[in-house]
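There are 2 protein chains.
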Amino acid sequence: MDKQATIKDIAKQLNISISTVSRALRNATDVKSDTRKAVLALAEELKYEPNRLAISLRERQTHTIGVIVPNLDYVLSMMVRGIDEVALEAGYTVMVCQSNESFGREIVNTRRLLDSLVDGFIISVSSETKSFEHFKKIQERNLPLVVFDRVTPDLVAPSVRIDNEEGGFLATEHLIEQGYKHIAILAGPKNLGISNKRMQGYLNALKKYKIKKVDSLIIHCDFNQDYAYHATKELLLHKKRPDAIFAISDRMAIGAMLAIKEHGLRMPEDIGLVGFNNEPVTVLVTPQISSVDMPAFELGKAAAKLFIETIHNTESVIHEEIVLRPKLLVRASSQKIKIKNAK
Amino acid sequence: MDKQATIKDIAKQLNISISTVSRALRNATDVKSDTRKAVLALAEELKYEPNRLAISLRERQTHTIGVIVPNLDYVLSMMVRGIDEVALEAGYTVMVCQSNESFGREIVNTRRLLDSLVDGFIISVSSETKSFEHFKKIQERNLPLVVFDRVTPDLVAPSVRIDNEEGGFLATEHLIEQGYKHIAILAGPKNLGISNKRMQGYLNALKKYKIKKVDSLIIHCDFNQDYAYHATKELLLHKKRPDAIFAISDRMAIGAMLAIKEHGLRMPEDIGLVGFNNEPVTVLVTPQISSVDMPAFELGKAAAKLFIETIHNTESVIHEEIVLRPKLLVRASSQKIKIKNAK
DNA sequence: ATAATTTTCGGTATCGTTGCCGGCAAGGTT
DNA sequence: AACCTTGCCGGCAACGATACCGAAAATTAT
Numbered sequence: 001m002d003k004q005a006t007i008k009d010i011a012k013q014l015n016i017s018i019s020t021v022s023r024a025l026r027n028a029t030d031v032k033s034d035t036r037k038a039v040l041a042l043a044e045e046l047k048y049e050p051n052r053l054a055i056s057l058r059e060r061q062t063h064t065i066g067v068i069v070p071n072l073d074y075v076l077s078m079m080v081r082g083i084d085e086v087a088l089e090a091g092y093t094v095m096v097c098q099s100n101e102s103f104g105r106e107i108v109n110t111r112r113l114l115d116s117l118v119d120g121f122i123i124s125v126s127s128e129t130k131s132f133e134h135f136k137k138i139q140e141r142n143l144p145l146v147v148f149d150r151v152t153p154d155l156v157a158p159s160v161r162i163d164n165e166e167g168g169f170l171a172t173e174h175l176i177e178q179g180y181k182h183i184a185i186l187a188g189p190k191n192l193g194i195s196n197k198r199m200q201g202y203l204n205a206l207k208k209y210k211i212k213k214v215d216s217l218i219i220h221c222d223f224n225q226d227y228a229y230h231a232t233k234e235l236l237l238h239k240k241r242p243d244a245i246f247a248i249s250d251r252m253a254i255g256a257m258l259a260i261k262e263h264g265l266r267m268p269e270d271i272g273l274v275g276f277n278n279e280p281v282t283v284l285v286t287p288q289i290s291s292v293d294m295p296a297f298e299l300g301k302a303a304a305k306l307f308i309e310t311i312h313n314t315e316s317v318i319h320e321e322i323v324l325r326p327k328l329l330v331r332a333s334s335q336k337i338k339i340k341n342a343k
Numbered sequence: 001m002d003k004q005a006t007i008k009d010i011a012k013q014l015n016i017s018i019s020t021v022s023r024a025l026r027n028a029t030d031v032k033s034d035t036r037k038a039v040l041a042l043a044e045e046l047k048y049e050p051n052r053l054a055i056s057l058r059e060r061q062t063h064t065i066g067v068i069v070p071n072l073d074y075v076l077s078m079m080v081r082g083i084d085e086v087a088l089e090a091g092y093t094v095m096v097c098q099s100n101e102s103f104g105r106e107i108v109n110t111r112r113l114l115d116s117l118v119d120g121f122i123i124s125v126s127s128e129t130k131s132f133e134h135f136k137k138i139q140e141r142n143l144p145l146v147v148f149d150r151v152t153p154d155l156v157a158p159s160v161r162i163d164n165e166e167g168g169f170l171a172t173e174h175l176i177e178q179g180y181k182h183i184a185i186l187a188g189p190k191n192l193g194i195s196n197k198r199m200q201g202y203l204n205a206l207k208k209y210k211i212k213k214v215d216s217l218i219i220h221c222d223f224n225q226d227y228a229y230h231a232t233k234e235l236l237l238h239k240k241r242p243d244a245i246f247a248i249s250d251r252m253a254i255g256a257m258l259a260i261k262e263h264g265l266r267m268p269e270d271i272g273l274v275g276f277n278n279e280p281v282t283v284l285v286t287p288q289i290s291s292v293d294m295p296a297f298e299l300g301k302a303a304a305k306l307f308i309e310t311i312h313n314t315e316s317v318i319h320e321e322i323v324l325r326p327k328l329l330v331r332a333s334s335q336k337i338k339i340k341n342a343k
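Listed in order, the protein sequences are those of chains A and B. So the first sequence is numbered by our numbering: it starts at 1 and just counts up by one. So the second sequence is numbered by our numbering: it starts at 1 and just counts up by one.
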């Protein structure tokens, strides 16, 4: 049972030609119904399965999508699940690679997937990435490339993301409405578009409410809990410490929360906190953390749909840009003004 | 630039035969150094890349590993990262599929990966799975199959896991030593081996300390937070409620914690709690949850190493079984006896 | 019965690559 | 000078499948 049966085995056993067998298995025409029956019966018996490699080699497509993500945290793994869902439905298999937020690893992954002859890419770029040559190589080969979540203007491609600017705005406006005056922002690396957009929303909100932007309240640090923790500790030592923090990810919000607690401050009374992504952990900690909800699963599905669409319109290059709207979920960490008539 | 250059293009341009080009590119022997130089130069210029499909078709192997996991939560995504790490190093690319804890989905995934002609599988079975025919199909084709984390005796294959029995024992013994008397266990579905093993450890500890097993303290529920929450709520309504709970996963421990808090009980004074996996969330909640540490990344690496080993020893069927040892991390949720001279 | 048509099938090329074999020329050995 | 080695290269087959073309067989028309 070691070797898989091939079309040739069937042909030999039935004493007919290979081409006839092939036709009997796929094409409806050009084959007598008796022979077809015989072929199908034997194929069943031998557990014949067409060899995808051979077909792929001929057709020059593998029905495989290369997906590169910076990591597989809660949000991204939800997105991948969305991608998977749609891709499977459309007859595609997904190869997921993690870049671990490393530029070098991203290049290796791209190369590997190109080698594997995937039919195209769905990508979320690493936070370390500042050059996009490796992705442009994909486009030079005329392979479809969809960017999701972490979108950047440096890479022109169909994309799916949420409106990060609006998300940042919602979070900040909410803090302002709650009466916070000195609102800090924990942003990511300066080259990370997603971070810049959220910060732009933050700035827009300040402007709308005529609050002066204070540079020392704008912190750039790595996109993770530890850095956020240390950045917040420093922030709280300022002579005029912030009375609210908008962290552009929940991971960072958690880091901030730990620092705040260590500093003996109460949330939301002494300091307000809003995160981003609405990860499940936000409702597990005390106080629960307000967060901008990210429709991750839907976003993944949209990305895969856009990919399928792109691959079917190989001729007309479309550069669609899908933008989903985020919404703010207010929780204890930022609700200073108690609601009187709560439902 | 649409089509990738092939060996044939090089041959034509240099007016030499295809085989010579092939030899120039790989084999060191049998080709004049002048011609080799010319070939390499032209290959460089045309950005020649060997077509993996053609090679795979010939060699009958794709250098791809199919990985099927029930989900991509923290623990599993760490394991996948470990697998990825080792696989990449060894020249393999990984295709990750999520079964979403669904039996049907697992079958579809297996079939897809078999179709894609992966060289073998590294699998963690879904909690819903009771029949293993789809996996046995893999073995019938003589493809290497390594099972990790969720191992089951129904599927004979090389495997990597932690000693779940020991983990369960450590957790339970610790609770006993802290003076808890009525220790409940939140276990998973009855067909989930990983759960049964941890429960066996729990029973072993009870036996060692001559504590009678009470059936009403043994709860089977689905492997997630919600079910654990509801199960715990019920548990706490018993006339003789438990004074400690061992949850066989941190997710379930979180569910239990929520129910405990809602019930107005204090941890660790009124009730002790120990989880399993040592997910980061355990130190974010209040009180911090004691947990049995799972060396997830290492386990993933070990699984991939075992896979590589298996694939290189195709002749001698090895059924190695690697067991990593867990260790207990004691935190506030279960530390009733305060340590006097803490460091 | 013969011609015209339709059905059914086999042969061949192709996808891109490599392994095997055989051939030819240059150089070395008796 | 006849033989043998070695270096270098091209042709062919094969991996598994399908598309295309033309031919044989079967059917229909004349």
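By construction, the Cβ of each residue, glycine as well, lies at the ideal position given by its N, Cα and C atoms.
Secondary structure in the region 49-104 of chain B: the alpha helix (DSSP H) runs of 4 residues or longer, each lying completely within the stretch, are 52-59 and 74-89 in chain order. Cβ neighbours of A/N164 within its own chain (closer than 6 angstroms, five residues either side excluded): I194, K197 and R198. A/V39: member of the alpha helix (DSSP H) spanning S33 to E45, first to last residue. If you check each beta-carbon in the region 87-101 of chain B against every beta-carbon of chain A, the ones closer than 9 angstroms belong to L88, T93, V94, M95, V96, C97, Q98 and N100. The CB of B/T286 comes closer than 8 angstroms to the CB of V285 and T286 in chain A, given here in chain order. Using beta-carbon distances, B/N277 does not count as an interface residue toward chain A, since no partner is under 9 angstroms. For B/H238, no alpha helix (DSSP H) encloses it, and the DSSP letter there is neither H nor E. Nearest C-alpha to B/H312 among B/S17, B/L76, B/N142 and B/T172: B/N142. Contacts between B/L117 and chain A, judged by CB atoms closer than 8 angstroms, involve N51, R52 and L53 in chain order. The region 67-87 of chain A makes no contact with the region 29-44 of chain A: fewer than 3 CB pairs, one atom from each, lie closer than 8 angstroms.
Of all residues in the region 218-239 of chain A, the ones placed with a Cβ closer than 9 angstroms to any Cβ belonging to chain B are Q225, in chain order. Note on geometry: alpha-carbon atoms of B/D222 and B/P189 lie some 6 angstroms from one another. Under the 9 angstroms criterion on CB atoms, B/V31 is classed as non-interfacial with respect to chain A. For B/G300, the uninterrupted alpha helix (DSSP H) run begins and ends at A296 to H312, by DSSP. Here the C-alpha atom of A/V151 lies approximately 32 angstroms from the C-alpha atom of A/I271. Chain order gives the chain B residues near A/R81 as L72, Q98 and N100, where near means a beta carbon separation below 8 angstroms.
Positions of the alpha helix (DSSP H) runs, each at least 4 residues long and wholly inside the region 173-233 of chain B, are given as 193-208 in order along the chain. Not a single C-beta of chain A is nearer than 9 angstroms to the C-beta of B/T310. Boundaries of the beta strand (DSSP E) around A/I162: S159 to I162. Taking a cut-off of 8 angstroms on C-beta distances, the region 153-169 of chain B touches the region 282-301 of chain B, as three or more cross pairs fall below it. Here the C-alpha atom of A/G66 lies approximately 37 angstroms from the C-alpha atom of B/V285.
Between A/I337 and A/G179 the beta-carbon gap is near 7 angstroms, inside 8 angstroms, which marks them as a contact. Using a C-beta cut-off of 8 angstroms, the region 100-119 of chain B makes no contact with the region 33-45 of chain A, since fewer than three inter-stretch Cβ pairs fall below that distance.
When the beta-carbon positions are compared, B/V86 and B/A253 stay at least 9 angstroms from each other. For A/K3, the three-state secondary structure derived from DSSP is coil. Excluding the 5 residues flanking it on each side, B/I218 has same chain C-beta neighbours closer than 8 angstroms at A184, I185, A187 and M199, in chain order. B/I318 and B/Q288 have their C-alpha atoms roughly 42 angstroms apart. Per DSSP, the unbroken beta strand (DSSP E) holding A/F148 starts and ends at L145 to F148. By the Cβ-count criterion, A/N15 is exposed, with fewer than 16 other Cβ atoms from all chains shown falling within 10 Å of its own Cβ. DSSP lists B/D293 as the bridge partner or partners of B/K327. Here A/L273 carries a strand assignment [DSSP, helix/strand/coil].
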